[in-house]
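Working notes, structure below.
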Amino acid sequence: MKKIAYILFLLTISVQCIAQNVLPDLKELLLQYKNASSDSNRINACLQLSSYYLFKEDRHLADADSAFVFLKQAQQSYTRLNVESLQYATTGLLGNYYIIKGNITQGKMLCQKSLTYYHTNKNYFQEAINWDHFGKSFPDTNAYYIQEKLNCFQHAQSLFIQLHQQLQASEMLQQIAVCHTKQNKLNMAENEMLQVLKTYKALHSPKLLTAYNALAEISESETDLHKELLYRLDIIKTMEATSDTAQADYYYAKLALVYADLDMYAESLNYILKALDILKKRKQYDDYYGDLSLAIYDFITEGKPKPALEYLFKTVKEVPPQNLAHKVDLSEAFGNCYAAMKQYAKAEQYYLEMMRVFAVTKNSDLYSTHQQMIIDFTHYNQIMGNFYIDTHQYQKAGYYFNQILMLPSGSVRPITLTKIHLMQFKVDSASHNFISAINHYQLHKQIDDSLFSIEKNQQI
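Using this note's numbering, the letters of the sequence shown map in sequence onto residues 1 to 460.
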């Protein structure tokens, strides 16, 4: 009995750590697993490792496969011990695994078994945690899955409230707000996140940064640049005050992007260079070339194309492109530099290479979401259209702008769409298609006025 009690104690501690996002780092978990001297220690290590891989923030499908290996080992160990609670802890995580891998029916069945066990035994704390894991397992690729996630997080929140677990209840409200953001219920999401922020401040939660970031994402969805800038600055202030710099490169890059949207390019350049320096020091290059594109753009709009080109040559030597996506961004950056220096023939060669390689990447598995592919599709076509406007090749420019305007409604950010309509106005005017030109100019003004009212400009 003492052995089983000890196992249950380990399991409870493990689950509480997972619920509060304070898992040890991977090296420590692997060391615990390697040094496990008994079945009980091995099960605990297996469950923590599987949870680490299933619920890490940058989870990939390969991580789920790693989790499955440890879950199967946990199954073998609890079979020898014959401890029912371990069986259902593993069953719930297996359900999460199957949902992540796309076997929704099998996954939901296993998750429900685990939830029923905890509910029947009145272990409401672990039931709440399982609802949380259940919700995090679903993708957010369509409205059905987002609603499934929302239902799970609402169940978990309700249980945490009953248990007077204020912090965990607020964490679930944050997940609910994220779902509402994806459902475009932005006012509701913002009000929920303001409640979360208030609680996190009162409890001195280490998740304060995530609350500010969620509010910034909501403001970005609303295209409210004033509020987004406010929250992005709050993120930087909080991050630097707490020394929680794990995602510093991401936060600096997002702030730089807001400044660029506001045509404040000196400020944008300052922060995007900080992001690049951090990525280089950490040798994390997945986002490096995307950030590099913004840095080069900022240099150029600040009237510094030659320093931009020098920075680009230096970067290519220090951080060579590692995949096709990097090559697309690199071609764009060289094209932008040469276009700014009025070396148009050389610029066009790089731009056409950019589009050639992008045509390959957009049909590959490099993109984790269709939405991100659409963002890049819009960006690269906009680059081409702008280049041909600058070189007075209006028919070519119109082709690329039309590619963007044919996308489904809501696919393009309003701050981008207003620029596309203005450019198409120039194309139509040059082609003496005046009725169409007027229509595009009116659409440009309509969107622009909603984004940059006098009041909002004063606030910024």
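All C-beta atoms in this analysis are idealised placements derived from N, C-alpha and C, irrespective of residue type, glycine included.
It should be emphasised that the depicted structure is a prediction, and the values quoted were computed from it without experimental measurement.
Q: Please classify Leu229: is it buried, with 16 or more other beta-carbons within 10 angstroms of its beta-carbon, or exposed?
A: buried
Q: Taking only the alpha-carbon atoms, compute the straight-line gap between Gln183 and Ala345 and give it to the nearest angstrom.
A: 45 Å
Q. From Gln442 to Lys108, what does the alpha carbon distance come to, in whole angstroms?
A. 50 Å
Q) Taking Cβ positions, are Ala88 and Ala67 nearer each other than 8 Å? A) Note on identity: in this sequence residue 88 is Tyr, with Ala being the wrong assignment. Against a cut-off of 8 Å, the Cβ pair of Ala67 and Tyr88 comes out as no contact.
Q: Provide the residue span of the alpha helix (DSSP H) that contains Leu407, from first to last.
A: Counting along the chain, Leu407 falls outside any alpha helix (DSSP H), and DSSP gives it neither H nor E.
**Q.** Member of Asp291, Ile99, Val319 and Lys122 whose CA lies at the smallest distance from the CA of Asp249
**A.** Asp291
Q.
As a quick exercise: from Asp298, Gln395, Pro206 and Thr378, pick the residue whose alpha carbon is nearest that of Ser409.
A. Thr378
**Q.** Spatial distance of Ala333 from Ala430 (CA atoms)
**A.** 28 Å
Q. Whole alpha helix (DSSP H) runs in the stretch 37-65 with 4 or more residues, listed along the chain?
A. 39-55
Q.
At 4 residues or longer, what runs of the alpha helix (DSSP H) sit wholly inside the stretch 339-388?
A. 344-361
(Q) Beta-carbon within less than 6 Å of Cys179's beta-carbon, same chain only, minus the 5 sequence neighbours each way: which residues are those? (A) Ile146, Lys149 and Leu150
Q. If you compare alpha carbons, which of Ala64, Ala340, Met406 and Leu233 is closest to Tyr271?
A. Leu233
Q | Simplified DSSP state of Arg413, which is helix, strand or coil | A | coil
**Q.** Alpha carbon of Ser219 to alpha carbon of Leu159, nearest angstrom
**A.** 30 Å
Q.
Do Leu330 and Val316 count as a contact pair if the criterion is CB distance below 8 Å?
A. yes
(Q) Taking its Cβ as the centre, do 16 or more other Cβ atoms sit within 10 Å of Glu217, making it buried, or is it exposed? (A) buried
Q) Would you report the Cα separation of Ser137 and Ser114, rounded to the nearest angstrom? A) 15 Å
(Q) Suppose you measure from the CA of Asn21 to the CA of Arg356; what does that come to, to the nearest Å? (A) Unreliable positioning characterises Asn21 in this predicted model, as indicated by a pLDDT of 43, which lies under 50. The coordinate reading is nonetheless provided below. When rounded, the distance between both Cα atoms is 43 Å.
Q: Pick out the complete alpha helix (DSSP H) segments inside the stretch 220-287, 4 residues or longer, and give them in chain order.
A: 225-242, 248-261 and 265-282
(Q) For Glu84 and Ile415, what's the separation of their Cα atoms in angstroms? (A) 56 Å
Q | Gly102, DSSP secondary structure in three states | A | coil
Q | Per-residue DSSP class, three states only, for Glu302 | A | coil
Q.
Between the alpha carbons of Ile7 and Ser51, how many angstroms are there, rounded?
A. Interpretation of Ile7 is limited by its pLDDT of 42, a score under 50 that renders its predicted location unreliable; the figure taken from the coordinates is listed afterwards. Going by the C-alpha atoms only, they are around 17 Å apart.
Q. Who are the near neighbours of Cys152 in its chain, counting only those whose CB is closer than 6 Å to its CB and skipping five residues on each side?
A. Trp131, Phe134 and Gly135
Q) Could you give the distance in angstroms between the alpha-carbon of Cys337 and the alpha-carbon of Asp58? A) 33 Å
Q: Counting only the same chain and skipping the five closest in sequence on each side, list residues whose C-beta sits under 8 Å from that of Gln372.
A: none
(Q) Taking the alpha helix (DSSP H) that His444 belongs to, which residues open and close that run? (A) Phe434 to Leu451
Q) Thinking C-alpha only, which one of Lys327, Asp286 and Tyr265 is nearest Gly303? A) Tyr265
Q. So, is the C-beta of Ile235 closer than 8 Å to a C-beta in chain C?
A. Looking for chain C here will not work: only one protein chain is present.
Q.
DSSP three-state label for His392, please.
A. coil
**Q.** Rounded separation between His432 and Gly335 - CA only
**A.** 29 Å
Q: Compute the Euclidean distance between the alpha carbons of His444 and Phe55, then round it to the nearest angstrom.
A: 43 Å
Q. Gln322 and Tyr351: beta carbons closer than 8 Å?
A. no
Q.
Using a Cβ-Cβ cutoff of less than 6 Å, which residues in the same chain neighbour Ser436 once the five nearest sequence positions on both sides are dropped?
A. Asp428
Q. Can you name the start and end residues of the alpha helix (DSSP H) that Phe125 belongs to?
A. Tyr124 to Ser137
(Q) Could you check whether Leu110 and Tyr98 sit closer than 8 Å to each other, using their CB atoms as the reference points? (A) yes
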